[in-house]
Ligand code: 48F
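In the numbering used here, the protein residues as written are 4 to 267.
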């Protein structure tokens, strides 16, 4: 069979344009494809919500690939094991209540499951701002990461979403941009972004899950962005809290969405 490079080019352009265009009007837009974002995307897509993930890097997985200090094994506590079991990730008991999993197998399995459930993943795209209407977040403002890196002066595009999830990890970028640009008060006692505290795995894992939820009308927090925003502790390379937070944000959003529309 002869190969025509122009057909190859046209196939990429047309198929990407279709996918991208279908991702412009969403039930849920998730920013950041780390463990919490991937689990949230999977749970939402499985329940037929129209969901897309926007990830700055080319690779999904966030801080999970490198385990702890580049030793690519992760630790999951008893509470989080159920979630990796559901995905079929192999785990090995270490000591009572502690399990290990291969970081690469875990990331790739979470991502494949999210995609197969119907979540669309847009990598190489950075969320630089939000759409805000009458004191509610109603969408994202996005641009190519390559444009951001090159410092080019090129206007972004917009994505509408009924709900946005900040799953950007330690920097909690979405919350920070919302606060910086709109002079608003967050739905927490301090009213404003706090920044994370030093390492305390047990307290951090608990508070990440407990505080997962809506931080401003239309904007939810999941994963490490929860603790960063509320002034919670960091937890280091234990990942049960990230998985549980992703699951919890999806459950909260599904309750808000009622019966999500079928994916377009
Ligand atoms: O940091 P990350 O893995 O978030 P997470 O799901 O998990 C945290 C853990 O990895 C670890 C930890 C727990 O053990 O403390 O750090 O909370 O993934 C966040 C992803 O968001 C992307 C970033 O590249 C990363 O892959 N990201 C950050 N800001 C933006 C973004 C942005 N403005 N636009 C798009 N993607």
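In this text, a Cβ means the ideal position worked out from N, Cα and C, and glycines have one as well.
Beta bridge pairing from DSSP links residue 170 with no other residue. With respect to the 8 Å criterion, residue 252 and residue 219 are not classified as neighbours on the basis of their beta carbons. In this structure residue 163 is in contact with residue 28, their Cβ atoms being roughly 5 Å apart against a cut-off of 8 Å. DSSP places residue 88 in the helix class (H, G or I) of the three-state scheme.
Relative to the Cα of residue 57, the nearest Cα in the group 254, 148 and 178 belongs to 148. Secondary structure at residue 188: coil, using DSSP grouped into helix, strand and coil.
Judged by DSSP secondary structure, residue 254 falls outside any beta strand (DSSP E) and instead within the alpha helix (DSSP H) spanning 243-260.
A heavy atom of the ligand 48F is found nearer than 7 Å to the CB of residue 129.
Look at residue 94 here: in three-state DSSP terms it is coil, with no helix or strand label.
Linking residue 202 to residue 237 through their CA atoms gives a straight-line distance of about 5 Å. Unbroken alpha helix (DSSP H) runs of no fewer than 4 residues, entirely contained in the segment 6-58, are found at 8-25 and 38-49, following chain order. Contact annotation: the segment 4-16 does not touch the segment 204-213, with fewer than three C-beta pairs closer than 8 Å. Our two residues, residue 99 and residue 243, have alpha carbons roughly 15 Å apart in a direct line.
With respect to residue 12, residue 59 sits apart: the two C-beta atoms are not nearer than 8 Å. Proximity of the beta carbon of residue 144 to the ligand 48F is not indicated: no heavy atom of the ligand is located closer than 7 Å. If you look at residue 111, you'll find it in the alpha helix (DSSP H) that goes 106-120. Sequence-distant Cβ neighbours of residue 50 in its own chain, meaning closer than 7 Å and more than five residues away, are 257 and 263.
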